[in-house]
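Sequential numbering from 91 applies to the sequence shown in the numbering used here. Heads up, the beta-carbon is just placed ideally off N, CA and C, and yes, glycines get one too. Only a predicted model underlies this, so the values are computations on that prediction, with no experimental measurement involved.
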Amino acid sequence: MSGSLDSSLDRYVQAGMIAVKLRPLAEKLVKSGASVAEICESIEEETRRLGGKPAFPVNVCVGSVAAHFTAPPEGGHVISDGDLVKVDFGAMVDGFIVDTAVSVNLSPMDSGIVRAAGDCLEAGIASARAGVEVAKVGAAIQRTAESAGFKVISNLTGHEISRHNLHAGGVVPNVERGYRGKVQAGKVYAIEPFLTYSYGAGFVVESSPSVIFRLARSRPRDPAQAALHSKIAGSFGTLPFAERWLKLSGEEKEAFKRLVDAGCVSKYPQLVEKNGAAVAQAEHTVAVLPEKTIVLTR
């Protein structure tokens, strides 16, 4: 076993066992008429009940929205007949994080792309061995998608995970070209192909509004803003959080807005397929050992 995972693999496994139990719940919750808030809060509550913490706000992204949407404080978003829904969530045990996602199609027309996303994920996992170039993992994912008639989202990648750090530096691409580096033993990675239809652009662009945030390192001088900054730091560190998690009062809402405007809190813009084509996603977290790769979230 690799040195950097000797003392932590058991907690990654614990977090993974929680995620395994959450995946069927996520699939069950996605149905016509369900509120996005209900889906997010049910999964987050169950994560806590199972002994973990949400590593980030549950993402529920519909149609062409690929990433970074969760229930806003005011709620109001509802799943409709025919939607293609991605549910992306993470579980954390003692700071050790796993990240996983499922796609649920409420139209039979999207069953092919959901199946292909799963096939791409399996191809990526099969390629992700210690010492393999990350471009080869991306090539396996891209080849599988294109052989099924779909495009990968080229500017979304999987990512390295470390303790208290969801995006720890290394990437796992979904395409063959443009990325260097190797899969490293002793590291944990989220592998997550995103697929779209042939008429899609094959890449995402930023959109608004932003409902997921992350604390920046700069600290404000204003007392009200500084107090809220400290509250956020104590609760979430530098991990992503949802505005709805803060349960802000009237004065705190204004302080939060100023923190964002001043750059003390960073936004995660919604990421939307450029041509408006629907997107499917599949994701697992893996631990890479010298002799094998362990899938933690299945």
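Check                                                                                                                                                                        : Outcome
Leaving aside the five residues before and after N245 along the sequence, list all residues of the same chain whose C-beta is less than 7 Å from its C-beta, in chain order. : F293 and V294
Flag this pair as yes or no: are the beta carbons of I187 and I251 separated by less than 7 Å?                                                                               : yes
Would you identify the three-state DSSP class for C354, choosing helix, strand or coil?                                                                                      : coil
Report the CB separation of A191 from I108 in whole angstroms; it is logged as a contact under 8 Å.                                                                          : About 15 Å separates the two Cβ atoms, so there is no contact after all.
With a threshold of 16 other CB atoms inside 10 Å of the CB of G93, please say whether the residue is buried or exposed.                                                     : Unreliable placement is indicated for G93, whose pLDDT of 47 sits below 50; no coordinate value is reported for it.
Thinking just about the alpha-carbon of each residue, which of K277, V378, P198 and I281 is nearest to the one in D230?                                                      : Reading the sequence as shown, one finds Ala at residue 230 and not Asp. With distances taken between Cα atoms, A230 lies closest to I281.
Check whether the region 216-230 and the region 301-316 touch, using three or more Cβ-Cβ pairs below 8 Å as the test.                                                        : no
Run through DSSP, which three-state label would G93 get?                                                                                                                     : Confidence at G93 is low in this model, with a pLDDT of 47, below 50, so its placement is unreliable and no value can be given for it.
Taking L95 as the reference, give the member of L379, T387, F326 and V385 with the closest Cα.                                                                               : L379
Classify V144: buried if its beta carbon has 16 or more other beta carbons within 10 angstroms, exposed otherwise.                                                           : A small fix is needed here, since residue 144 is Pro in this sequence, not Val. So P144 counts as buried.
Hey, L256 and F146 are a contact pair by Cβ (cut 8 Å); roughly how many whole angstroms apart?                                                                               : 6 Å
Is the region 145-159 touching the region 358-378, taking contact as three or more C-beta pairs under 8 Å?                                                                   : yes
My understanding is that I169 touches V242, with C-beta atoms under 8 Å, so please give their C-beta distance in whole angstroms.                                            : The pair is not a contact, with the Cβ atoms about 25 Å apart (cut-off 8 Å).
Within the same chain, show all residues whose beta-carbon is closer than 7 Å to that of Y102, passing over the 5 residues directly before and after it, in chain order.     : F186, V188, V278, A377 and L386
Is F179 helix, strand or coil when you go by DSSP?                                                                                                                           : strand
Tell me the start and end of each unbroken alpha helix (DSSP H) in the region 216-243 that is at least 4 residues and wholly inside, in chain order.                         : 224-237
So for Q315, helix, strand or coil by DSSP?                                                                                                                                  : helix
For the putative contact between P193 and Q371, defined by C-beta atoms under 8 Å, what is the C-beta separation to the nearest angstrom?                                    : Before going further, note that residue 193 is Ser rather than Pro in the sequence given. That belief holds up - the Cβ atoms of S193 and Q371 are roughly 5 Å apart, short of 8 Å.
Between which two residues does the alpha helix (DSSP H) containing R81 stretch?                                                                                             : Outside the shown range of the chain (91 to 388) lies residue 81, about which nothing can therefore be said.
Answer with buried or exposed for P114, where buried requires no fewer than 16 other C-beta atoms within 10 angstroms of its C-beta.                                         : exposed
Compute the distance between the beta-carbons of P283 and G228, then report whether it is under 7 Å.                                                                         : no
For the structure I just gave you, are there three or more beta carbon pairs, one from the region 341-352 and one from the region 264-274, closer than 8 Å?                  : no
CA-CA distance, R309 and S320?                                                                                                                                               : 9 Å
Between P163 and the rest of its own chain, which residues show a CB-CB distance below 6 Å, the 5 nearest in sequence each way excluded?                                     : E333 and R334
Is A332 helix, strand or coil by DSSP?                                                                                                                                       : strand
Straight-line CA distance for G290 to A368?                                                                                                                                  : 8 Å
What separation, rounded to the nearest whole angstrom, lies between the Cα atoms of G214 and Y287?                                                                          : 20 Å
Check the DSSP bridge columns for E296 and list the partner residues they point to.                                                                                          : L361
Which same chain residues, not among the five before or five after A275, have their C-beta less than 7 Å away from its C-beta?                                               : S92, A220, V378, L379 and P380
CB-CB under 7 Å to G239, same chain, minus the five flanking residues each way: which ones, in chain order?                                                                  : S288
Which residues in the same chain as V110 place their Cβ atom closer than 8 Å to its Cβ, once the five residues preceding and following it in sequence are excluded?          : T387 and R388
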